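Worksheet for the structure shown next.
Residue numbers (full-length UniProt numbering), protein chains in the order written: chain A, 1 to 423; chain B, 1 to 530.
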């Protein structure tokens with residue numbers, strides 16, 4: 001059910017009054033639709049129902065959007081409550097997407113809101129084809145890359161029907177950014193992948209339950225254990241006794257989970273450089289995202305071209321600029337990468353290079369050359385069969401200038417990587 | 001609730017900041033979406049208490065733009081509705097509503113009404129007319145209470161910070177004049193017995209102090225000359241076991257930064273030389289902990305112990321070194337910082353005794369944070385908002401609006417208020433809600449033309465006629481807004497206002513001084529010092 005707006009209040013003014021900043025403004029488009037029609041029929045997908053997601057859902061509901069979907073695989077943790085304002089203490093351990101949707105539904109009964117307690121990778125392409133645009137409020141670069149690759153692929157395959165703008169927001173302490181990605185038209189997420197190469201935030205649930213990195217163990221020791229053992233003492237990143245204690249505890253935990261790489265300098269780096277998410281920055285970035293969504297959908301004002309940066313560290317700084325497309329982009333450009341390595345490099349080191357290089361940042365690459373399987377991450381049988389190749393040098397496995405086919409969980413399609421041997 | 005919940009905040013603004021937040025009482029004038037969205041971001045991290053002052057009643061538009069009123073709240077008092085909605089977010093926060101008009105409250109001479117504003121930690125004015133902002137600013141200025149005033153016009157928002165002053169508390173290695181513990185430690189290291197691997201892991205401060213000593217430059221009160229610095233770099237080069245050792249390269253690079261006589265930063269000198277640092281209790285309104293600390297720092301600096309040097313911060317940068325050598329160095333700086341901090345604390349204690357204040361008037365945590373950040377102290381001075389809006393103090397700083405490319409936006413905000421004073425309505429708004437159907441592009445265009453004229457004459461009044469012109473499209477967009485609130489822009493501005501509030505309350509990070517205009521059409525902000 002659509003709401004009736006009084007002409008002289010709020011958003012409805014912008015749906016019918018002339019827009020001075022829109023070039024060649026007309027109240028109806030080629031399809032004879034008004035901004036009001038466009039807003040009424042827009043179907044928006046919100047990925048992530050965390051700190052940004054809660055804000056985004058609220059903003060969409062309060063901006064006149066009335067068909068909203070939200071997808072998130074996480075459940076609510078006690079540590080979320082200081083910023084994820086749609087959740088209460090009684091909601092802890094329930095699915096974020098469902099609780100957030102139910103809250104919005106109670107507040108704004110006229111809005112249709114649908115929740116999906118799922119991983120984004122579990123949904124078929126048809127699901128994504130159905131939306132007008134997608135807004136991401138994620139803390140993981142991997143999920144961002146996956147949806148970006150999917151949407152870039154969709155526009156190639158389906159043309160205009162597959163064209164889904166992505167509006168992406170991210171925050172780090174008192175800083176954040178928002179961007180409008182028009183697949184095939186402006187820079188996609190992978191075009192600026194090196195912007196994301198520094199990972200600095202770790203979800204508390206990962207720290208508490210499923211550590212993978214040495215940083216997770218350090219966080220566990222410095223945040224959870226320290227507070228438990230020394231409830232009245234503040235951890236000082238410059239105090240060697242404190243850091244040594246953290247190193248000791250983190251190393252023990254890392255040993256339990258078979259994670260290598262704990263040392264003093266890493267511990268100090270993590271303890272002193274943690275940049276957590278806070279409510280005010282989330283509000284700014286989420287509102288920037290939904291403000292752009294409103295403009296993109298209704299054309300009531302020009303939308304962001306295409307990157308906005310915010311910092312509250314020194315005064316208030318909000319700046320926008322057009323981030324350039326990368327013609328060599330692995331996702332929306334020529335889809336081919338190259339690596340120059342010594343012929344003595346082992347296949348395992350090649351895989352490490354694909355994981356660590358700022359251009360690739362792959363997670364678990366599978367490699368083949370024509371019909372030859374070089375290394376497969378799964379299934380188990382193929383992994384075992386190809387594992388001996390890991391120790392072989394690439395010079396034994398293929399010639400310089402060979403183009404490998406690479407697949408990876410962060411990408412929806414395969415990638416060509418040409419490997420040349422350097423002396 | 002407790003620890004886990006606030007943990008994220010503590011990592012950004014330390015426990016001392018969190019304590020300041022939990023002890024703060026914020027008074028907010030206004031209860032529309034802008035006020036509610038601002039408060040949301042203060043209630044979530046655990047502000048101590050908030051009071052909302054407004055007599056507005058929930059209308060249909062509120063249910064559409066203000067998330068913290070309910071659809072069924074129409075006709076109820078809006079301040080009470082948002083207090084209820086916001087209080088649910090954090091049971092540790094105390095919220096209350098004063099359902100009176102802000103103008104009436106400010107006109108009242110009842111001491112309790114005066115105190116509501118004067119005893120607040122911070123006051124926020126959200127979407128208030130200029131007359132209310134001026135009266136409020138005057139009261140806040142007299143009581144030395146920081147004020148942040150914000151209003152929204154569709155896609156545009158204005159945030160203005162007005163406080164008598166704001167002191168902001170956010171590496172110093174002392175290599176030319178090493179303190180005794182550092183001197184002794186380095187003297188005990190003998191490069192002659194170290195093999196090349198050990199040498200490659202000597203932290204660069206050790207290398208520099210050794211080289212300074214070899215050239216008899218240590219303890220010098222004067223800065224080394226260019227020739228001496230060159231000799232120093234050359235000597236360091238010859239000390240390296242091989243030409244490309246990273247730690248020796250770091251030592252060479254660090255010569256310029258670290259081989260100079262000690263001097264206190266200008267910003268800190270300015271604070272120490274301020275009359276308030278000599279007589280912190282002269283200000284009659286309220287006892288200011290910052291100036292008590294500054295006064296203690298002043299006496300510390302005059303003491304024999306300090307030799308005119310600020311308390312050591314104790315933090316050392318990352319550098320090429322093995323863990324043992326780095327930790328040893330870290331320990332020495334840390335130890336010296338602790339000794340300095342203990343000395344400084346005795347000055348604070350004396351200051352409090354002399355002022356007849358209890359010993360815990362300033363927490364030891366706060367003393368420690370102040371001491372650790374002594375070299376980063378900064379004092380910001382602001383123009384009172386009532387002078388900006390009523391007087392002619394703008395003329396002297398108006399050029400900053402031009403430099404910031406915000407003269408047009410700013411003039412249009414001010415022109416909207418003049419328009420309202422003449423017509424009893426804001427540009428682009430119909431005379432009464434029943435005339436709503438009459439609103440069309442022509443009405444907006446007429447108001448925009450008048451607004452454009454007023455804004456241009458304002459620029460002329462400020463002496464900017466030849467520097468800036470009002471943008472016609474911008475005037476049209478202002479009239480198009482009808483000074484309405486769009487939820488997104490209110491939420492974004494609420495995010496900015498709350499973040500500024502947190503900076504002011506915690507005395508951490510740097511607040512904007514003093515005007516910020518948000519442009520939601522261009523996704524940009526403009527800032528200028530007024």
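C-beta: ideal position from N, C-alpha, C; glycine also. All of these numbers come straight from a predicted model, not from anything done at the bench.
For residue 99 of chain A, which residues in chain B fall below 9 Å Cβ to Cβ? What residue 99 of chain A touches in chain B: nothing, since even the nearest Cβ is about 14 Å away.
So, is the C-beta of residue 172 of chain B closer than 8 Å to a C-beta in chain A? For residue 172 of chain B, no CB of chain A lies under 8 Å from its own CB, so it is not counted at the interface with that chain.
Residues near residue 246 of chain A in its chain [Cβ-Cβ closer than 6 Å; skip 5 each side]: Excluding residues within five positions, the ones whose Cβ falls inside 6 Å are 221, 222, 267.
Interface partners of residue 316 of chain A on chain B, CB under 9 Å: Going along chain B in sequence order, the residues near residue 316 of chain A (Cβ under 9 Å) are 159, 496, 499, 500, 511, 512, 516, 518, 525, 527.
Quick check on the DSSP output: the alpha helix (DSSP H) that includes residue 294 of chain A runs from which residue to which? From DSSP, the alpha helix (DSSP H) with residue 294 of chain A extends over 279-298.
By Cβ distance, which residues of its chain are closer than 6 Å to residue 271 of chain A, with the 5 residues on each side in sequence left out? For residue 271 of chain A, the CB contacts under 6 Å within the same chain, skipping 5 residues up- and downstream, are 222, 237 in chain order.
Per-residue DSSP class, three states only, for residue 170 of chain A: In this structure, residue 170 of chain A counts as strand in the three-state DSSP scheme.
Could you spell out the range, first to last residue, of the beta strand (DSSP E) harbouring residue 412 of chain A? Here residue 412 of chain A belongs to no beta strand (DSSP E), and DSSP marks it neither H nor E.
Would you list the one or two residues that DSSP bridges to residue 495 of chain B? Beta-bridge analysis with DSSP links residue 495 of chain B to no other residue.
If residue 145 of chain B and residue 117 of chain B are in contact, beta carbons under 8 Å, what's the gap, nearest whole angstrom? So it is a contact: roughly 7 Å between Cβ atoms.
Residues bridged to residue 95 of chain A by DSSP? Per DSSP, A:75.
In this structure, what does DSSP give as the bridge partners for residue 116 of chain A? DSSP, once it has assigned bridges, lists A:71 as partnering residue 116 of chain A.
Grab me the residues of residue 392 of chain A's own chain with a C-beta within less than 8 Å of its C-beta, minus the 5 sequence neighbours each way, in chain order. Leaving aside the five residues that flank residue 392 of chain A on each side, the residues in its chain whose CB is nearer than 8 Å to its CB run, in chain order, 346, 347.
Output, in chain order, the set of chain B residues within a Cβ distance shorter than 7 Å of residue 290 of chain A. Within 7 Å Cβ-Cβ: 488.
Going by DSSP, what residues sit across from residue 51 of chain B in a beta bridge? Bridge partners of residue 51 of chain B: B:27, B:96.
If we define contact as Cβ-Cβ less than 8 Å, is residue 45 of chain B a contact residue for chain D? This model lacks chain D altogether, as its protein chains are A and B.
I'd like the ranges of any beta strand (DSSP E) spanning at least 3 consecutive residues and lying wholly in the stretch 316-370 of chain B. Runs of beta strand (DSSP E) with 3 or more residues, each lying fully within the stretch 316-370 of chain B, are absent.
Residue from A:153, A:295, A:261, A:134 whose Cα sits closest to the Cα of residue 155 of chain B: The option with the nearest alpha carbon to residue 155 of chain B is A:295.
Alpha-carbon spacing of residue 135 of chain B relative to residue 386 of chain B, whole angstroms: When rounded, the distance between both Cα atoms is 7 Å.
Measure how close the beta-carbons of residue 363 of chain A and residue 410 of chain A come, nearest whole angstrom, since I'm counting them as under 8 Å. The pair is a contact, with the Cβ atoms about 5 Å apart (cut-off 8 Å).
Is the Cβ of residue 73 of chain A closer than 8 Å to any Cβ of chain B? No - not a single Cβ of chain B is within 8 Å of the one on residue 73 of chain A.
Residues of chain A with CB under 7 Å from residue 41 of chain B, in chain order? Correct list: 279, 280, 283.
Using a Cβ-Cβ distance cut-off of 8 Å, determine whether residue 175 of chain A contacts chain B. No, residue 175 of chain A does not count as interfacial toward chain B.
For the pair the stretch 21-28 of chain B and the stretch 498-518 of chain B, tell me if three or more CB-CB distances fall below 8 Å. Pairwise C-beta distances place the stretch 21-28 of chain B in contact with the stretch 498-518 of chain B, as three or more of them are shorter than 8 Å.
Does the beta-carbon distance from residue 148 of chain A to residue 44 of chain B come in below 8 Å? No, the pair does not count as a contact, with Cβ atoms beyond the cut-off.
Cα separation between residue 192 of chain A and residue 333 of chain A? Residue 192 of chain A and residue 333 of chain A have their C-alpha atoms spaced approximately 12 Å apart.
So which residues on chain A does residue 473 of chain B lean against when the C-beta distance must stay under 9 Å? Under the 9 Å cutoff, chain A gives 20, 21.
For the stretch 300-311 of chain B, list every residue whose C-beta sits within 7 Å of some C-beta in chain A, in sequence order. If the cut-off is 7 Å between Cβ atoms, the stretch 300-311 of chain B has nothing near chain A.
Note the first and the last residue of the continuous alpha helix (DSSP H) segment covering residue 318 of chain A. Segment 317-321 is the beta strand (DSSP E) holding residue 318 of chain A; no alpha helix (DSSP H) there.
List the residues that DSSP assigns as beta-bridge partners of residue 485 of chain B. Looking at the DSSP assignment, residue 485 of chain B forms a beta bridge with B:154.
Tell me which residues of the stretch 225-244 of chain A have at least one Cβ-Cβ distance to chain B shorter than 7 Å, keeping chain order. Within the stretch 225-244 of chain A, the residues whose Cβ lies closer than 7 Å to some Cβ of chain B are 227, 234, 238, 239, 240, listed in chain order.
Thinking C-alpha only, which one of A:305, A:311, A:366 is nearest residue 323 of chain A? Nearest C-alpha to residue 323 of chain A: A:305.
Compare the C-alpha of residue 412 of chain B against each of B:430, B:322, B:450 and name the closest. The candidate whose alpha carbon is nearest that of residue 412 of chain B is B:450.
So who's on the other strand from residue 307 of chain A, going by DSSP bridges? By DSSP's assignment, residue 307 of chain A forms a beta bridge with A:179, A:321.
Please report the Cβ distance between residue 384 of chain B and residue 161 of chain B, rounded to the nearest whole angstrom; I am assuming they are in contact, meaning their Cβ atoms lie under 8 Å. Between residue 161 of chain B and residue 384 of chain B the Cβ distance is about 11 Å, and since that is not below 8 Å, they are no contact.
Provide the residue span of the beta strand (DSSP E) that contains residue 135 of chain A, from first to last. Note, residue 135 of chain A: beta strand (DSSP E), 133-137.
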